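Have a look at the structure below, then the notes.
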Amino acid sequence: MFLRLPTLLLLIVGLVVCFLLPSVFVCASWFLIFLAFILGEWLAERRLHRALAVLIEATENLEQGVSLPRSQDPKLDRLACQIQAQQDRLGSTKQELVATREELELILASIGDCVLLVGTTKRILLASRASGELLSWDRERLVGQNLFRVVRSSELRKKITMVEETEEPQELEFSVANRCLKGEIIPITSGKYLIMLVDCTDKERLDQVRRDFASNVSHELRTPLTSIQGFVDTLLDGAWQDPEACPHFLRVIKREAARLYRLVEDMLDLSRLETRRHQRPIVPVDLGKVASRVVELVSTKAAAKNLDLRKNIPQDFPLVMGDKDLLHQVLLILLDNAISYTEEGFVELSATTAAGKAKIKVQDSGTGISPEDQGRIFERFYRVDKARSRHAGGTGLGLAIARYAVERMGGTIGLESELGEGTTFWLELPFTQS
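Using numbering that gives the first Met the number 0, read the sequence shown as starting at 0 and increasing by one per residue.
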């Protein structure tokens, strides 16, 4: 109406003039003036529409930075300058946000633990690189997924509910896919929260191993100490005066004390191997000589049980890389065990070459080991037959020591056995580099 009202007034005035002065010249002049006014008004309106269209487009696409042309209207130019300033500020803010997000993603990528940023709809907004591996998801697919679809845990749901109610951080621990996860949920503004998780499976397993070890050591120490204490009390009560009972009790005490000594020595050996203290260099070792000394040491025990003790190692067998004392200890443990658990038949120590390595075998004709026991035979204090092992003077640490010793020399150890068919323990050691 602002532009059309003057046009309407001009039309009325022109009609009045033409009516009062009915002249062709006057009417023609008025008509030309009226046409020029209409044309000017149309051009001005068109220019205004174009300027408004540009301003509207600029306000709708501020982040795209549309350029604003100058117009003839100072007010429109002022408005265009304000919109241009908003565009510049928005572009700068967008660049800062992009840079901040890239920095955050770089930080998350370098974190070795699982870190998840969760939004108000329980969807994952950001995830560290380790999150995918820990949760068994592809990291690229992890972002945008519902948290409870990725981690199916009632404990997690419970803790998140507590965080939403109290707005306080909550610690959590749960298991997913045979993994023990521990962490914390930290609330952030606007209903978002940060979840940090670490895999504590290995730590829990090691803690359990330590608890089992402490329990086993306590049990192994208690048994001989109880025997020693009982027989000492009996002697103090007067049995020392009995010429028949006193020597027997003293022999039992001596045997139990020797057992304690062996147990402590084995524990110290195992500790040295595990902590790799006092390591000596791996050097070429003559397997034949070491084997001959070990066979000589156990020959009396084998003869007492009428066992056929054999050594089948060629005289020209190549030198192996290892530690002479450790190799001696391993062979002594394996041969002593084979003789202890074989009642009749033979025990054989042999060596062959296989895949460029020395394969040493200790074979016996004993009762064999069940498949269930074979998987745990190298664990500390594990015994297939507990009563028989203690009666034979074993500590339950021999095979664990043998495993660590072989690994220390850069080799591998294993066994093959069937119930009723005997057992073969084998170890592989590298040859010297010629």
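No residue lacks a Cβ here, since even glycine has one placed at the ideal position from N, Cα and C.
Owing to the predicted nature of the structure, the values given are computational and were not obtained by experimental measurement.
Distances from the alpha-carbon of residue 358 to those of 364, 366, 349 and 329 put 349 closest.
Between the alpha carbons of residue 402 and residue 234 lies a distance of about 42 Å. Straight-line spacing of the CA atoms in residue 197 and residue 181 works out to 5 Å.
According to DSSP, residue pairing for residue 309 in a beta bridge involves 347. For the pair residue 306 and residue 312, the Cα-to-Cα distance works out to about 19 Å. Per the coordinates, the alpha-carbon of residue 399 lies some 6 Å from the alpha-carbon of residue 378. A residue is called buried when at least 16 other Cβ atoms come within 10 angstroms of its Cβ; residue 260 does not meet this threshold and is exposed. A straight line joining the alpha-carbon of residue 407 with that of residue 258 spans about 26 Å. Classified as buried, residue 327 has 16 or more neighbouring CB atoms from the shown chains inside 10 Å of its CB. Apart from sequence neighbours up to five positions away, the residues of its chain that approach residue 190 with a beta-carbon distance below 7 Å are 119, ordered along the chain. The shortest C-alpha to C-alpha distance from residue 227 to any of 28, 251 and 167 is the one to 251. The C-alpha of residue 395 is placed about 25 Å away from the C-alpha of residue 309. With a cutoff of 8 Å on beta-carbon distance, residue 281 and residue 324 are scored as not near each other.
For residue 352, the number of other beta carbons within 10 angstroms of its own is below 16, and it is reported as exposed. Contact between residue 331 and residue 286 fails: their C-beta atoms lie close to 14 Å from each other, not under 8 Å. Under the 8 Å Cβ criterion, the segment 363-370 counts as touching the segment 412-431, having at least three qualifying pairs. Contact annotation, residue 176 with residue 135: C-beta distance approximately 6 Å; criterion of less than 8 Å satisfied. Residues of the same chain with a CB within less than 7 Å of the CB of residue 404, apart from the 5 flanking positions on each side, are 272, 325, 328 and 329 in chain order.
CA-to-CA, the gap between residue 345 and residue 397 works out to about 21 Å. Residue 135 sits in coil when the DSSP states are folded into three classes, being neither helix nor strand.
In this model, residue 372 and residue 429 are separated by some 28 Å (Cα to Cα).
Just measuring C-alpha positions, the residue of 315, 335, 304 and 314 sitting nearest residue 342 is 304.
Under DSSP, residue 188 takes part in no beta bridge, so it has no partner. In the DSSP assignment, residue 297 falls within the alpha helix (DSSP H) that extends over 286-303. Per the C-alpha coordinates, the member of 207, 80 and 266 positioned closest to residue 220 is 266.
Residue burial is scored here from C-beta neighbours: residue 224 has fewer than 16 other C-beta atoms within 10 angstroms and is therefore classed as exposed.
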